[in-house]
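Q:
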Ligand code: FES
C-alpha cells in the first residue's frame, strides 16, 4: 500500500505526536507514505466560510499534486478528510470545475478528479482489516475501556463523504476491539468536539467538549481516542477549561487514533509522543501493565 | 393486490413523563403485532387508541408534510409517520421512542416549541421590500433559473424541528438561533426580490451565526434534505462579503484565509492574534504558555511549504471573484 501522505498543519506542528505515531504504525503495517512538501493547508473549514471557491481551488491543487504522482491521498485528520473530499464533490459541478481549472492552469496544474481521499482509520478498517490488525498486535490493550470519538468531518454529511453509516458507525469500535481493548458506546461518540468555535466563543466550545468527555466517562471509559487532531485540541489541550465549564474533574486521557494502534503494536509511549499531551495518559498506561510508564 | 405481509412482534419502549404529576421520566413497555411496513406513528396511535389513552403525542398529516411527528426513534431523529417499524426491529430488536431534544418536555412526546418558533420569528421570515424598488404591478416578478436554483432546497422545510433537536450549538448556547431559522434566513438573503440583504446579514452576525459548529448533524437529521449546515456556510460567506471581518467569527475566517497565504500552512499562534487582537491575546497567554510547555512548536514560525507562490497565485486569481454558489 502506497499513499500520498497528507499530514495536515496540526500534525506537523503542535500535534507532532500524531505524525510520529502515524509513521510508526505505517512502518509496522507496511503502508508506504510518500511525502509532498508542496501540499498546502486544507482550509480547515474556516477558509471555506470566508471564500468557498478559493477553498475548493486550494484543495484541487493538493489533489492535482497527488494525481500527477498517480497516488491516492491519505489523511490523518477528520477535518482534512472532510475538506478534501468536499472539494472532490464540488468539482463534479461543471461551473465550479471550470473556474478552478482556469485558476490551476497558469500553475501548470490540471486535475481530472481521479484522486481518492482516504483516512488512516478507513485504511485500517477496510484495507488492512480488523482481522489482520488483530494478528499483528504484540501487546493487546486488554482491560482498557476506550471511547471512540469520530470527529464530525469523518462522518458527515454522509452522502457527500460517502461514509457508510454516519448515525451508527462501528468501524472505529471494530478496530479498538481488534487491538484488544473494549470499546465504550456513548451518545457523544458521533457528536461535535466544539473546536470550530473555540476561537469564536471559547466557553461554549469548552462546554461542548466537556459534555462529550463527561458522557464517555459516565459510560465507564478509561480513555478516549480520536482520528482528528482538532478534536484532540478540544478534548486534551483544553480539557482544563472544559472541566471548568462542566464543573467536575474529568482527568480523561485522550489518544490520537494511531497512538492507540502503536501501543498495541508494541511502541513505547515516547515513540508515540504521549508525553506531549496536556492530560497525562498515565492512568490508561497503568491499566495495561506491560507498558513502561514515563515519569 | 399486495401479498399479505406477515405480522411481526414489535416491542415498543416509549418515553413517558408528565411534569404536572411530578415523578421521574420512565419508559413504558408495549408489545404490538404489526406488519413490518407499519409506520412508527401508526404503532403509537394504536397504543393510544387501543391500549393506553393517556399517551400524548403530536401528529396531523401522517404523510411527512406537516412536520408534527418528529421524535427520536432508537435515538435517531425521525418523522414517526414515515419510519417503518420493520427495519428498526431488525436492527435494534425493539423500537425505543424519545421526545425531541433541546425543547422542554410538556408531556410524554410533546415538547415545548416556543424557543424554536421565537428563533424563527427573529429572522423576519417574510420578504422585506425595498420601497425604492416596488414590485411590478399587474404582472408577476421574474427570476432567472440560476436565481431560483439558489434556494431549491430551503422551501422543502416542513419546520419539524429535527435539526433544532439534533444541534449541539442549540444545546450549549441559547444565543444560537438554530439550523432551521438560519436556513430560512438564507432563503430570503438570496431572494432577488428581498430588499434587506445587507441588513439581514449584519443582524444575523450579531445573533449567533458564527456559533454554527458545521458539524452537519442538522443536515443528517433533516428528513427533507434541506441541508441547513450547507446553507449556513453560504450565509457566513455572504456575511463576510457584505460586512467584512467585523465579528470574532468572521475575523477568524478571514484571518485564516490571510494566514495560510503566508506560508501555505497554518501559523497557529498568529491566528489567535488575528482573531483576538492584542488585548484578547494577552487573555489567552496563560493557556498559550501552558500548551507551549508541552508543544514548543507553538512558539515558532511554521515551515513554509514548497510552491507557496502557487497558493498566492490561486488567491490572486480567485479572491476578488464574485461568490460562486457551492
Ligand atoms: S404527521 Fe405530519 S409529518 Fe408526520
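Residue numbers (my numbering), protein chains in the order written: chain A, 1 to 295; chain B, 1001 to 1326. Note that CB positions come from ideal geometry on N, CA and C, so glycine has one too.
1) Taking only beta carbons into account, state which residues of the stretch 1060-1077 of chain B come closer than 8 Å to chain A, listed in chain order.
2) Any heavy atom of the ligand FES closer than 7 Å to the CB of residue 1068/B?
3) Do the stretch 1002-1021 of chain B and the stretch 1078-1090 of chain B make contact, defined as three or more Cβ pairs closer than 8 Å?
4) Closer than 8 Å between beta carbons: that is the criterion. Which residues of the stretch 28-62 of chain A meet it against chain B?
5) Return the chain-ordered list of same chain residues with a C-beta closer than 8 Å to the C-beta of residue 187/A, the five sequence neighbours on each side being excluded.
6) Taking 8 Å as the CB-CB limit, is residue 204/A close to chain B?
7) CB-CB under 6 Å to residue 85/A, same chain, minus the five flanking residues each way: which ones, in chain order?
8) Would you tell me roughly how many angstroms separate the C-alpha atoms of residue 261/A and residue 226/A, rounded to the nearest one?
9) Less than 8 Å between the C-beta atoms of residue 1047/B and residue 1072/B, yes or no?
10) Give the straight-line distance between the Cα atoms of residue 6/A and residue 1132/B, rounded to the nearest whole angstrom.
11) For residue 1135/B, does the count of other Cβ atoms within 10 angstroms reach 16, so buried, or fall short, so exposed?
12) What are the start and end residues of the alpha helix (DSSP H) that includes residue 1258/B?
13) Decide if the stretch 121-135 of chain A is in contact with the stretch 1173-1192 of chain B; the criterion is three or more beta carbon pairs, one per stretch, under 8 Å apart.
14) Return the chain-ordered list of same chain residues with a C-beta closer than 6 Å to the C-beta of residue 68/A, the five sequence neighbours on each side being excluded.
15) Please report the distance separating the alpha-carbon of residue 1262/B from that of residue 65/A.
16) Cα separation between residue 1083/B and residue 1074/B?
17) Would you mind sorting residue 19/A into buried or exposed? The rule is 16 or more other CB atoms within 10 Å of its CB.
18) I want to see whether chain A comes within less than 8 Å of residue 1001/B, judged by CB atoms only; does it?
19) Just checking residue 1060/B against the ligand FES - is the residue's beta carbon closer than 7 Å to any of the ligand's heavy atoms?
20) Since residue 20/A meets chain B, which of its residues come closer than 8 Å, beta carbon to beta carbon?
21) Quick check: what's the CA-CA separation for residue 71/A versus residue 62/A?
22) Leaving out the 5 sequence neighbours to the left and right, which residues in its chain are closer than 6 Å to residue 143/A when beta-carbon positions are compared?
23) Please determine whether the Cβ atom of residue 1081/B lies at a distance below 7 Å from any heavy atom of the ligand FES.
24) Who pairs with residue 119/A in a beta bridge, going by DSSP?
25) Using a beta-carbon distance below 8 Å, is residue 1317/B in contact with chain A?
26) Mind checking the stretch 1256-1268 of chain B against chain A and listing, in chain order, the residues whose C-beta falls within less than 8 Å of any C-beta there?
27) Could you have a look at residue 252/A and say whether DSSP puts it in helix, strand or coil?
28) Give me the DSSP bridge partner(s) of residue 66/A.
29) Select from 228/A, 203/A, 233/A the residue whose C-alpha is nearest the C-alpha of residue 120/A.
30) Spatial neighbours of residue 181/A within its chain, please: CB distance less than 6 Å, with the 5 preceding and 5 following residues excluded, ordered by chain position.
31) Kindly indicate which residue of 1264/B, 1222/B, 1151/B, 1162/B has the alpha-carbon position closest to the one of residue 1234/B.
32) Just tell me which of 134/A, 207/A, 152/A has its CA closest to the CA of residue 81/A.
33) Taking the beta carbon of residue 175/A as the centre, do at least 16 other beta carbons fall within 10 Å, making it buried, or is it exposed?
34) Short check: CB of residue 1217/B to CB of residue 156/A, under 8 Å?
35) Name the DSSP beta bridge partners of residue 1029/B, please?
A: In short:
1) 1075, 1076
2) yes
3) yes
4) 37, 38, 39, 40, 41, 43, 44, 45, 46, 47, 48, 49, 50, 51, 52, 53, 54, 56, 57, 58, 61
5) 215
6) yes
7) 117, 161
8) 12 Å
9) no
10) 53 Å
11) exposed
12) 1248-1263
13) no
14) none
15) 20 Å
16) 11 Å
17) buried
18) Because residue 1001/B carries a pLDDT of 43, less than 50, the predicted location of this residue cannot be relied on, and the following value inherits that uncertainty. Not closer than 8 Å to any Cβ of chain A, the Cβ of residue 1001/B fails to qualify, so no.
19) yes
20) Under the 8 Å cutoff, chain B gives no residues; its nearest Cβ is about 12 Å from residue 20/A.
21) 12 Å
22) 287
23) yes
24) 75/A
25) yes
26) 1256, 1257, 1260, 1264, 1265, 1266, 1268
27) coil
28) Residue 66/A pairs with nothing; no bridge assigned.
29) 228/A
30) 141, 144, 146
31) 1151/B
32) 152/A
33) buried
34) yes
35) 1013/B
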